[in-house]
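Participant: Here it is, the structure, as structure tokens.
Number of protein chains: 2
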Amino acid sequence: MTTPTELRSTAPWLVHVSTDIVVFGIGHTGLQVLLRRHPPRDGVAAPWALPGGYVGPVEHLDRSAEHTLAQQTGVDDVYLEQLYTFGRPDRHPASRVITVAYYALMPPRRVQEIRARPTPEVRWYPIDRMPDLYLDHTDIVVLARRRLEAKLAYSTIAFQLLAAEFTLSELQQVYEIILCEKLDKRNFRKRILALDCIEETGRKRRDGSHRPAGLYRYKSPGEVHFIK
Amino acid sequence: MTTPTELRSTAPWLVHVSTDIVVFGIGHTGLQVLLRRHPPRDGVAAPWALPGGYVGPVEHLDRSAEHTLAQQTGVDDVYLEQLYTFGRPDRHPASRVITVAYYALMPPRRVQEIRARPTPEVRWYPIDRMPDLYLDHTDIVVLARRRLEAKLAYSTIAFQLLAAEFTLSELQQVYEIILCEKLDKRNFRKRILALDCIEETGRKRRDGSHRPAGLYRYKSPGEVHFIK
Numbered sequence: 080m081t082t083p084t085e086l087r088s089t090a091p092w093l094v095h096v097s098t099d100i101v102v103f104g105i106g107h108t109g110l111q112v113l114l115r116r117h118p119p120r121d122g123v124a125a126p127w128a129l130p131g132g133y134v135g136p137v138e139h140l141d142r143s144a145e146h147t148l149a150q151q152t153g154v155d156d157v158y159l160e161q162l163y164t165f166g167r168p169d170r171h172p173a174s175r176v177i178t179v180a181y182y183a184l185m186p187p188r189r190v191q192e193i194r195a196r197p198t199p200e201v202r203w204y205p206i207d208r209m210p211d212l213y214l215d216h217t218d219i220v221v222l223a224r225r226r227l228e229a230k231l232a233y234s235t236i237a238f239q240l241l242a243a244e245f246t247l248s249e250l251q252q253v254y255e256i257i258l259c260e261k262l263d264k265r266n267f268r269k270r271i272l273a274l275d276c277i278e279e280t281g282r283k284r285r286d287g288s289h290r291p292a293g294l295y296r297y298k299s300p301g302e303v304h305f306i307k
Numbered sequence: 080m081t082t083p084t085e086l087r088s089t090a091p092w093l094v095h096v097s098t099d100i101v102v103f104g105i106g107h108t109g110l111q112v113l114l115r116r117h118p119p120r121d122g123v124a125a126p127w128a129l130p131g132g133y134v135g136p137v138e139h140l141d142r143s144a145e146h147t148l149a150q151q152t153g154v155d156d157v158y159l160e161q162l163y164t165f166g167r168p169d170r171h172p173a174s175r176v177i178t179v180a181y182y183a184l185m186p187p188r189r190v191q192e193i194r195a196r197p198t199p200e201v202r203w204y205p206i207d208r209m210p211d212l213y214l215d216h217t218d219i220v221v222l223a224r225r226r227l228e229a230k231l232a233y234s235t236i237a238f239q240l241l242a243a244e245f246t247l248s249e250l251q252q253v254y255e256i257i258l259c260e261k262l263d264k265r266n267f268r269k270r271i272l273a274l275d276c277i278e279e280t281g282r283k284r285r286d287g288s289h290r291p292a293g294l295y296r297y298k299s300p301g302e303v304h305f306i307k
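Chains A and B, in that order, give the protein sequences.
Using the numbering used here, the letters of the first sequence map in sequence onto residues 80 to 307.
Using the numbering used here, the letters of the second sequence map in sequence onto residues 80 to 307.
Next up, the structure:
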């Protein structure tokens, strides 16, 4: 479990630090991840990667992630949350690079906006049909997906993947896509309403052949407390 | 929100990376944090600090944190969870040091063991009476405390602060200490039992003047799912 003493030192070692960003959105084929074409570098010819890059000398980590994402994909004005820091000594073939991973969620309108842009080097991939990714970026996506699934159970994170107003069917669909399973409609509605985190807007929307469905919104984003 | 381009570079900058570890335990005066006396360094004479140190050149981050904690405090065999990576450019006066913070929880028996050791350079401090800490270590403790409070609401994290068998009063006390508020006994018991994460052991313990209280244990650690 411990490292041999000769591998450690009281003198600080210098390493490279980067940020990598997982952006999730929901499209027609389910959960999507925003990927960029990576330029071949250091002899590693992985064609697709997460948006990401090195942290500047006086840059805050959060700002670096925001700036890198905007520069590489044109996506700005999105809330990034720190996910995890990946530091396997062998994760990069050429040097020690520790990466601070972030994730963000996008509502359907913005998923469509990005899809409509003529930028072949940036595109959405369904999470279950991603190409091989650069370095350990697949591991980063897997962990981000697990975090998203976990947060679904105890926070109002799902609202970030929905339009401001939504039907209970749309909300249930987001849960089903992320949890990868069908949920019982009656039970889902009962439990979601019991959490007291959404409210009716008073408006209705007609979708397809069904009768008009009531529109809801989140009361206030954040965590749901079950004990207090 | 974004950084001026002249502060960034496509060439990777070299920085120092460290780990710092917040160890929580519950003592007679509430929530405690394990601190070590920091040697004066770089002209910064902060006497107390979190256990922590630089990451070795081929060390995994988790191993580095475990090893540093063991070396500085004698605490090993404890589960460390990554908390957050702190990277403010000015957080260290002498150089750019990005630190990956971890946290761990200890049961009462181990809190006592450490308290009983004759090591004045390592000691427990009540979280609300900590001395001034080295660098931004107070911010790290504050975030760790918030994470602990948040996880209390949706996971079985509290069991790590308890003995393997506990009374419902002891469990309620852990919740009250971390949430900093008194909870209604009836309501707490109803809600905790409804979560279906603890079970009676069949044994009882007599504490003080009360009638013997039933002992419980956690069924299985992990997250509690409310929707699925």
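By construction, the Cβ of each residue, glycine as well, lies at the ideal position given by its N, Cα and C atoms.
Small disclaimer: the values here were computed from a predicted structure and weren't measured.
Looking only at its chain, what residues have a beta carbon closer than 7 Å to the beta carbon of S242/B, apart from the 5 residues adjacent to it on each side?
Facilitator: The displayed chain sequence assigns Ala, not Ser, to residue 242/B. If we look at A242/B and ignore the five residues flanking it on each side, its Cβ neighbours are P186, P187 and R188.
Participant: Could you pull the DSSP bridge partners for T235/B from this structure?
Facilitator: Answer by DSSP bridge pairing: none, since T235/B is not bridged.
Participant: In chain order, which beta strand (DSSP E) runs of at least 3 residues are fully inside the region 146-183 of chain B?
Facilitator: Within the region 146-183 of chain B, the complete beta strand (DSSP E) runs of at least 3 residues are 160-165.
Participant: Out of A128/A, I277/A and I256/A, which one is the CA nearest neighbour of V201/A?
Facilitator: Among A128/A, I277/A and I256/A, the Cα nearest to that of V201/A is on A128/A.
Participant: Report the partner residues of R202/A according to the DSSP bridge assignment.
Facilitator: R202/A is bridged to L114/A.
Participant: Return helix, strand or coil for E248/B, following the three-state DSSP convention.
Facilitator: Here residue 248/B turns out to be Ser, not Glu, going by the sequence shown. Helix at S248/B.
Participant: Sorted by chain position, which residues of the same chain lie with C-beta nearer than 8 Å to T98/B's C-beta, five sequence neighbours on each side aside?
Facilitator: G131, G132, V134, L140, S143, A144, T147, T178, V179, A180 and Y181, listed in sequence order.
Participant: My output table needs one value for L262/B: the three-state DSSP class, helix, strand or coil.
Facilitator: Residue state, collapsed to three classes: coil.
Participant: For T246/B, which residues in chain A fall below 7 Å Cβ to Cβ?
Facilitator: Those do not exist, as T246/B stays about 17 Å from chain A at its closest Cβ, beyond 7 Å.
Participant: I'd like the list of long-range same chain contacts for L258/A, defined as Cβ closer than 8 Å, with 5 residues on each side in sequence excluded.
Facilitator: So the qualifying residues of the chain are E228 and L231.
Participant: Taking C-alpha atoms, which residue in L214/A, R225/A and Y163/A lies nearest to C173/A?
Facilitator: Checking the sequence shown, residue 173/A turns out to be Ala, not Cys. Checking every option, the nearest Cα to that of A173/A belongs to L214/A.
Participant: Would you tell me roughly how many angstroms separate the C-alpha atoms of K298/A and E160/A, rounded to the nearest one?
Facilitator: Going from the Cα of K298/A to the Cα of E160/A covers about 21 Å.
Participant: Cβ atoms of I219/B and L110/B: under 8 Å apart, would you say?
Facilitator: It is not a contact, given that the beta carbons lie outside the stated cut-off.
Participant: How should R208/A be labelled, buried or exposed, when 16 other C-beta atoms within 10 angstroms of its C-beta is the threshold for buried?
Facilitator: With fewer than 16 other Cβ atoms within 10 Å, it is exposed.
Participant: Determine the closest residue to G166/B out of I206/A, K283/A and V96/A, with distance taken between C-alpha atoms.
Facilitator: Among I206/A, K283/A and V96/A, the Cα nearest to that of G166/B is on V96/A.
Participant: Can you confirm whether G135/B, when its beta carbon is compared against all beta carbons of chain A, has any partner nearer than 8 Å?
Facilitator: Yes, G135/B counts as interfacial toward chain A.
Participant: Any C-beta of chain B within less than 7 Å: which residues of the region 87-109 of chain A qualify?
Facilitator: Of all residues in the region 87-109 of chain A, R87, S88, P91, W92, L93, V94, H95 and V96 have a Cβ within less than 7 Å of some Cβ in chain B.
Participant: Can a CB atom of chain A be found closer than 8 Å to the CB of R175/B?
Facilitator: R175/B counts as touching chain A.
Participant: Mind checking who D99/B pairs with in its DSSP beta bridge?
Facilitator: According to DSSP, which records beta bridges pairwise, D99/B is partnered with G131/B and A180/B.
Participant: For my contact list, A195/A and I100/A are in at a C-beta cut-off of 8 Å; report their separation, rounded to the angstrom.
Facilitator: About 21 Å; that fails the 8 Å criterion.
Participant: With DSSP collapsed to three states, give me the class of A242/A.
Facilitator: Coil.
Participant: Give me the chain B residues within the contact set of Q151/A, using Cβ-Cβ distance strictly less than 7 Å, ordered along the chain.
Facilitator: Those within 7 Å of Q151/A in chain B number zero; the least Cβ separation is about 12 Å.
Participant: Starting from the Cα of D275/B, find the closest Cα among Y295/B, E192/B and L240/B and give me that residue.
Facilitator: Nearest of Y295/B, E192/B and L240/B to D275/B, Cα basis: Y295/B.
Participant: Report yes if the C-beta distance between V157/B and I193/B is below 8 Å; otherwise report no.
Facilitator: No; because the gap between Cβ atoms is not below 8 Å, this pair is not in contact.
Participant: State the Cα-Cα distance for the pair P205/B and R225/B, rounded to the nearest angstrom.
Facilitator: Those two C-alpha atoms are separated by around 16 Å.
Participant: Can you tell me whether T198/B is buried or exposed? The criterion is at least 16 other CB atoms within 10 Å of its CB, across all chains shown.
Facilitator: The residue in question, T198/B, is exposed, as its Cβ has fewer than 16 Cβ neighbours within 10 Å.
Participant: If we cut at 8 Å on Cβ distances, does I306/B have a partner in chain A?
Facilitator: With a pLDDT of only 47 at I306/B, under 50, the local geometry of the prediction cannot be trusted, and the value read off the model is given with reservation. I306/B counts as touching chain A.
Participant: Take T280/B and list the residues in its own chain whose beta-carbon comes closer than 7 Å to its own, dropping the five residues that flank it on each side.
Facilitator: Same-chain partners within the cutoff: E244, L294, Y295 and R296.
Participant: Output yes if chain A places a C-beta closer than 8 Å to the C-beta of T235/B; else output no.
Facilitator: For T235/B, the answer is no, since every Cβ of chain A falls outside 8 Å of its Cβ.
Participant: How big is the Cα-Cα spacing for F103/B and W203/A?
Facilitator: Straight-line Cα distance between these residues: approximately 42 Å.
Participant: Under 8 Å between the Cβ atoms of Q252/B and K264/B?
Facilitator: Contact flag unset, no.
Participant: Does the Cβ of Q239/B have 16 or more other Cβ atoms within 10 Å, making it buried, or fewer, making it exposed?
Facilitator: With 16 or more Cβ atoms within 10 Å of its Cβ, Q239/B is classed as buried.
Participant: Just list the residues that DSSP pairs I105/A with in beta bridges.
Facilitator: DSSP, once it has assigned bridges, lists L110/A as partnering I105/A.
Participant: Which residues in chain A sit within 7 Å of A128/B, going by Cβ to Cβ distance?
Facilitator: Neighbours of A128/B on chain A: none; closest Cβ ~15 Å, over 7 Å.
Participant: How many Å lie between P168/A and P136/B at the Cα?
Facilitator: Going by the C-alpha atoms only, they are around 7 Å apart.
Participant: What does DSSP give as the partner residues of Y295/B in its beta bridges?
Facilitator: F245/B and E279/B.
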